[in-house]
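For the sequence shown, the residue numbers in the numbering used here are 958 to 1005.
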Amino acid sequence: MAEKAVTIRTRKQFIIDVLHPGRANVSKAELKEKLARIYDVKERLNYL
């Protein structure tokens, strides 16, 4: 069970543009890890 109720107000939802010059693409796992660090959330809570 969740620690507290999840409502639309407690969620962070947004669109990001990923710029990756010199690389063909970026893995979802790498993006999840980076976003978790930037926004101080648990990686398992990120959905891409």
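Don't be surprised by glycine CBs; every beta carbon is placed ideally from N, CA and C. Computed from a predicted structure; not experimentally measured.
Rounding to the nearest angstrom, what Cα-Cα distance links S976 and R968 in this structure? The amino acid occupying residue 976 in the given sequence is Leu; Ser does not appear at that position. Each residue's alpha carbon lies about 25 Å from the other.
Please confirm whether L992 and N1003 have their CB atoms less than 8 Å apart. N1003 is positioned such that its CB atom lies closer than 8 Å to that of L992.
Rounded to the nearest angstrom, what separates L988 and I995 at their Cα positions? Our two residues, L988 and I995, have alpha carbons roughly 11 Å apart in a direct line.
Can you grab the Cα-Cα spacing for the pair V998 / E990, in whole Å? The alpha-carbon atoms of V998 and E990 are separated by roughly 10 Å.
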